[in-house]
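S.K.: Just so you know, full-length UniProt numbering puts 12 at position 12 of the sequence shown, and the rest follows in order with no gaps. Beta carbons: idealized from backbone N, C-alpha and C, even for Gly. A quick note: this is a predicted structure, and the numbers were derived from the prediction, not measured. Handing you this structure, nothing more for now.
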Amino acid sequence: MFGGLLAYGIAHIGGALDAWRWLFIIFGLITLVWAIVLVIFLPDTPDQARFLNEQQRTQAVDRIRSNQTGMKDNHFKWDQVRGVVQDPNVLLLMVYQLTFSIPNGAHTTFSSLVMAGFGFTRFQVYLLNMPMGAILAFFAIGSSYLCSRFNGYRTIVGAALSLISLTGSILVRFGPNQGSRLLGLWLFVAFAAGFPISLSLIASNVAGFTKKSVASAMMFFCYAAGNIIGPFLFFPREAPEYASGFLATTICFGISTLTMLVLRFTLIMENKRRDKLQQTSISLPPEQLELSDKTDRQNLNFRYLY
1 MFGGLLAYGI AHIGGALDAW RWLFIIFGLI TLVWAIVLVI FLPDTPDQAR
51 FLNEQQRTQA VDRIRSNQTG MKDNHFKWDQ VRGVVQDPNV LLLMVYQLTF
101 SIPNGAHTTF SSLVMAGFGF TRFQVYLLNM PMGAILAFFA IGSSYLCSRF
151 NGYRTIVGAA LSLISLTGSI LVRFGPNQGS RLLGLWLFVA FAAGFPISLS
201 LIASNVAGFT KKSVASAMMF FCYAAGNIIG PFLFFPREAP EYASGFLATT
251 ICFGISTLTM LVLRFTLIME NKRRDKLQQT SISLPPEQLE LSDKTDRQNL
301 NFRYLY
């Protein structure tokens, strides 16, 4: 939202450099400075959190103990690396991440060109990005509220966001007039609110420090790969409709919606299987596993969130 207003102002900068170059330079520098701040001040574990007192650190550790995802372990474990590629839940989340990152890369590169194709001027396009940012903020805040307020809604919200973006993608391509196509482009951004949901599912459902680290890295790999692939699906010869590009994004959103629903089903069924298994077998007491470096697959006391 504020980025659109800032872009509008930057677009009026004169000089040897084009306005779009200034956009990349300024936003890139802001990102770089903030990354340095995070490296310096963001703690790796509750014990290193200087902004917490002793009681708060204990409470933070107790929270980790209760969800059984384990504390930081500096030993790299290859068996946990293999566990990532053998875990269907992680693979499904990687597919989800990839299939909404492809449209993200396309949207980042081509949304302004698409709006210009609707008949808007360059400066109008910058201003029209502001309501798009407001809509994205609405989806992000709304989805976060639903996921935190109601148990078992993360996968449903993730699927719903992809479905909204799918609707937007269809509207952009087949909308009968300029207004409907612009509305479709605004709805298109709903998928971006699914990014923190996918990361939260990894954080909550992957135990074992090495396994979680590798799974998180693979998620970011899929994010980067999708953003690289996306722009190549929009062919300049098809401007301004970009028929092939929006067909590809529609397919991606359909896959991401289905993937999230399949993930929900597998997590629910696995929890039920573990409940039945614990009724007929003897497992280690939960307190012996709470801060261990066991993976979610090794710890039968572990229950998945969906």
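1) Relative to the ligand SAM, is the shortest distance from any of its heavy atoms to the C-beta of residue 51 smaller than 6 angstroms?
2) Could you have a look at residue 230 and say whether DSSP puts it in helix, strand or coil?
3) What is the rounded straight-line gap between the Cα of residue 45 and the Cα of residue 299?
4) Quick check: what's the CA-CA separation for residue 249 versus residue 188?
5) By the DSSP assignment, the alpha helix (DSSP H) with residue 274 in it spans what residues?
6) Label residue 102 either buried or exposed according to how many other C-beta atoms from any shown protein chain fall within 10 Å of its C-beta, with 16 as the threshold for buried.
7) Can you give me the C-alpha to C-alpha distance between residue 217 and residue 176, rounded to a whole angstrom?
8) List, from N- to C-terminal side, the beta strand (DSSP E) runs of 3 residues or more that fit wholly inside the segment 158-237.
9) Does the separation of the CB atoms of residue 256 and residue 145 fall below 7 angstroms?
10) I'd like the list of long-range same chain contacts for residue 194, defined as Cβ closer than 7 angstroms, with 5 residues on each side in sequence excluded.
11) Distance cutoff 7 angstroms, beta carbons only. Does residue 16 sit that close to anything in chain B?
12) Taking just the CA atoms, how far does residue 126 sit from residue 138?
13) Does the segment 240-248 come close enough to the segment 105-114 to have 3 or more Cβ pairs within less than 8 angstroms?
14) With a threshold of 16 other CB atoms inside 10 Å of the CB of residue 135, please say whether the residue is buried or exposed.
15) Cα separation between residue 235 and residue 16?
16) Can the beta-carbon of residue 59 be found less than 7 angstroms from the beta-carbon of residue 210?
17) Please work out which residues of its chain come closer than 7 angstroms, Cβ to Cβ, to residue 262, disregarding the five sequence neighbours upstream and downstream, and give them in chain order.
18) In the DSSP assignment, the alpha helix (DSSP H) including residue 140 goes from what residue to what residue?
19) Roughly how many whole angstroms lie between the Cα atoms of residue 180 and residue 212?
20) Secondary structure at residue 108, three-state DSSP: helix, strand or coil?
21) Could you check the C-alpha separation between residue 169 and residue 183 for me, to the nearest Å?
22) Could you tell me the alpha carbon to alpha carbon distance between residue 147 and residue 130, rounded to whole angstroms?
M.R.: Quick look at the numbers:
1) This structure lacks the ligand SAM, and indeed carries no ligand of any kind.
2) helix
3) 22 angstroms
4) 10 angstroms
5) 243-280
6) buried
7) 42 angstroms
8) none
9) no
10) 100, 158, 161, 162
11) Here there is only one protein chain, and chain B is not present.
12) 19 angstroms
13) yes
14) buried
15) 29 angstroms
16) no
17) 92
18) 122-149
19) 42 angstroms
20) helix
21) 10 angstroms
22) 26 angstroms
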